[in-house]
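Only one structure is covered here, and it is reproduced in the block below.
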Amino acid sequence: MDRQVVGILGGGQLGRMLVEAASRLDVKTLILDAENAPAKQIRASDEHVTGSFADAAAVRELAEKVDVLTIEIEHVDTTVLFELEKEKGEKLQIHPSPATIKLIQDKFLQKEFLLKNGVAAAECESVESTEVALEKVGEKYGYPYMLKSRTQAYDGRGNFVVSSKDDIPEALKTLHSRPLYAEKWCPFTKELAVMVLRERDGSVSSYPTVETVQKDNICHLVYAPARVPDSVQLKAKVLAERAVSLFSGAGIYGVEMFLLENGEILLNEIAPRPHNSGHYTIDGCATSQFEAHMRAILGLPIPKSKTGFALSTPYTSAIMLNVLGGAEPDSELEICRRALTTKGATVHLYGKTTRPGRKMGHINIVAGSMDECETRLAQIQTGESSSSS
Ligand code: ATP
Ligand code: MG
Ligand code: MG
Numbered sequence: 366m367d368r369q370v371v372g373i374l375g376g377g378q379l380g381r382m383l384v385e386a387a388s389r390l391d392v393k394t395l396i397l398d399a400e401n402a403p404a405k406q407i408r409a410s411d412e413h414v415t416g417s418f419a420d421a422a423a424v425r426e427l428a429e430k431v432d433v434l435t436i437e438i439e440h441v442d443t444t445v446l447f448e449l450e451k452e453k454g455e456k457l458q459i460h461p462s463p464a465t466i467k468l469i470q471d472k473f474l475q476k477e478f479l480l481k482n483g484v485a486a487a488e489c490e491s492v493e494s495t496e497v498a499l500e501k502v503g504e505k506y507g508y509p510y511m512l513k514s515r516t517q518a519y520d521g522r523g524n525f526v527v528s529s530k531d532d533i534p535e536a537l538k539t540l541h542s543r544p545l546y547a548e549k550w551c552p553f554t555k556e557l558a559v560m561v562l563r564e565r566d567g568s569v570s571s572y573p574t575v576e577t578v579q580k581d582n583i584c585h586l587v588y589a590p591a592r593v594p595d596s597v598q599l600k601a602k603v604l605a606e607r608a609v610s611l612f613s614g615a616g617i618y619g620v621e622m623f624l625l626e627n628g629e630i631l632l633n634e635i636a637p638r639p640h641n642s643g644h645y646t647i648d649g650c651a652t653s654q655f656e657a658h659m660r661a662i663l664g665l666p667i668p669k670s671k672t673g674f675a676l677s678t679p680y681t682s683a684i685m686l687n688v689l690g691g692a693e694p695d696s697e698l699e700i701c702r703r704a705l706t707t708k709g710a711t712v713h714l715y716g717k718t719t720r721p722g723r724k725m726g727h728i729n730i731v732a733g734s735m736d737e738c739e740t741r742l743a744q745i746q747t748g749e750s751s752s753s754s
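Okay, so the sequence shown: first residue is 366 according to my numbering, each after it adds one.
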């Protein structure tokens, strides 16, 4: 569909699913990551680059081979991206923009920027790594409050719940040597997420609002659409689209939010890339978040409807279940085998070596109703067959 070659910084599961989507459009993709990274297994090429997306020389090597650079992880070297933006000008598209990646990769700067622009989010402040400073935060926000690493955070690694003054030494020990910020506690009733697509011309549109359930800070389940009233879905969509419209650069963005008891919605964080809460779109929508990202960064057509881009409309209700590594190698395959015997379920494995708690794959379940999806999920989780499956 397009002769432009796309370079992807990072070759984990998100990169892998981007390559799958690009391959169907016969768009060539080159990956920068370690040898045999999940994304490299999909499209073998001598031209992939071996190295780290945090290494300037390796990013430059990839940039020489491609027309468009994109990311599957935000923890990349942005200094070199700014340099490339200047040096290459029109010859190299970088999506999302280096400025967006830099702003988002520091979670405190991201939040400060959003709050300054009137996006509802929890009150927060950067904080020094001292007991006195953390006690002051406790006096101001009350307990519990959330202490977070500003950078290099994922799957809650970088977060510490400070439940009382007594937790402070432990919090400092755990988040030792990381730049920190503190956030007011959000007593949410549900976590919501919206995947927003930003096109090269800056227009935004989105997939439906979904509900995410985290277990030990890692995304466990996604319900699409979210099991909340339409008015709440709409409110989340409006907030997410407004937030993403503040950034620059094309592509898909994942917006995480908290729904509070009083109906208020606060933005938690933004990922400037495909996101775990959008994996259901592979089987639940005509166009997945991965294909949408490719189309947006390449400037390929995206049909529109009044409610968003037309191809995002889900056919069905969907649930996504993350498959994490267990204690034994390959133990995660047990649940995948059960999924293979379940109507409407599809298994997506990422080609990784098992480690306990590692994201090894996911299962998408689609059905005509959410009740039916939940019945099928129960069968996959417990192994007990039900009449409706
Ligand atoms: P991700 O893998 O999504 O990038 P992360 O490491 O950046 O995760 P966050 O999204 O900041 O971490 O937080 C992880 C989870 O911790 C959230 O999904 C939510 O369940 C909980 N959480 C985060 N901030 C707060 C808060 N201020 N109040 C209450 N719970 C919170
Ligand atoms: Mg995060
Ligand atoms: Mg998060």
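Note that beta-carbon positions come from the ideal geometry of N, C-alpha and C, so glycine has one too.
(message) Measuring alpha carbon to alpha carbon, tell me which residue in D581, M659 and L625 is nearest Y618.
(response) M659
(request) Check whether the Cβ atoms of M735 and S682 lie closer than 9 Å to each other. (result) yes
(request) Let me know the secondary structure DSSP gives C551 once reduced to three states. (result) It is coil, neither helix nor strand.
(request) With G649 as the anchor, note down where its alpha helix (DSSP H) starts and where it stops. (result) T646 to G649
(request) Just mark L705 as buried or exposed, buried being the case when its beta carbon has 16 or more other beta carbons within 10 Å. (result) exposed
(message) Taking only three categories from DSSP, how would you classify D367?
(response) Judged by DSSP in its simplified three-state form, D367 adopts coil rather than helix or strand.
(request) Would you mind listing the beta strand (DSSP E) stretches within the stretch 461-512 that are 3+ residues and don't spill past its ends, in chain order? (result) 489-492
(message) Are there any heavy atoms of ligand 1 lying less than 8 Å away from the beta-carbon of M725, as far as the coordinates show?
(response) no
(request) With DSSP collapsed to three states, give me the class of L383. (result) If DSSP states are grouped into helix, strand and coil, L383 belongs with the helices.
(message) For a test of the three-state rule: what should DSSP assign to K724, helix, strand or coil?
(response) strand
(message) Taking 9 Å as the threshold (C-beta atoms), are I635 and V597 in contact?
(response) no
(request) Ignore the nearest five residues each way along the sequence and tell me which others in A487's own chain have a CB closer than 7 Å to its CB. (result) E548, K549, C551 and L631
(message) Between which two residues does the alpha helix (DSSP H) holding F447 run?
(response) Residues T443 to K453.
(request) Output the distance between the C-alpha atoms of V392 and E656, rounded to the nearest integer angstrom. (result) 11 Å
(request) Could you spell out where the beta strand (DSSP E) holding L625 opens and where it closes? (result) G616 to L625
(request) Confirm the yes/no value for this check: CB of T633, any heavy atom of ligand 3, distance under 8 Å. (result) As written in the sequence, residue 633 is Asn, which differs from the Thr given in the question. True, at least one ligand heavy atom lies under 8 Å from that Cβ.
(request) Would you mind reading off the limits of the beta strand (DSSP E) that contains Q406? (result) No beta strand (DSSP E) contains Q406, which DSSP labels as neither H nor E.
(request) Could you check the C-alpha separation between K600 and K430 for me, to the nearest Å? (result) Straight-line Cα distance between these residues: approximately 42 Å.
(request) Would you mind sorting N687 into buried or exposed? The rule is 16 or more other CB atoms within 10 Å of its CB. (result) buried
(message) Please report the straight-line C-alpha distance between I745 and P721, rounded to a whole angstrom.
(response) 20 Å
(message) According to DSSP, simplified to helix, strand and coil, what is A755?
(response) The structure shown does not extend to residue 755, since the chain is modelled only from 366 to 754, so the question has no answer here.
(message) To the nearest angstrom, how far is the alpha carbon of S752 from that of H644?
(response) Summary for S752: the model assigns pLDDT 45, below 50, so the residue's position carries little reliability; its value from the coordinates is reported in the next sentence. Distance between the alpha carbons of S752 and H644: 27 Å.
(request) Would you grab the beta carbon distance between L624 and L689 for me? Rounded to a whole angstrom, and I think it's under 8 Å. (result) About 25 Å separates the two Cβ atoms, so there is no contact after all.
(message) Any heavy atom of ligand 1 closer than 8 Å to the beta-carbon of A636?
(response) yes
(message) Nearer than 8 Å: is that true of the beta carbon of K467 relative to any heavy atom of ligand 2?
(response) no
(request) Drop a sphere of 10 angstroms on the beta-carbon of E390, count the other beta-carbons inside from all chains shown, and report buried for 16 or more, exposed for fewer. (result) Residue identity differs from the one stated: residue 390 is Leu in this sequence, not Glu. So L390 ends up on the exposed side.
(request) Please state if the CB of M560 and the CB of S494 are separated by a distance shorter than 9 Å. (result) no
(request) Could you tell me which residues DSSP puts in a beta bridge with E634? (result) E621
(request) Output the boundary residues of the beta strand (DSSP E) element that contains A683. (result) S682 to L689
(request) Count the C-beta pairs between the stretch 478-485 and the stretch 601-616 that are closer than 8 Å, then say yes if the count reaches three, no if not. (result) yes
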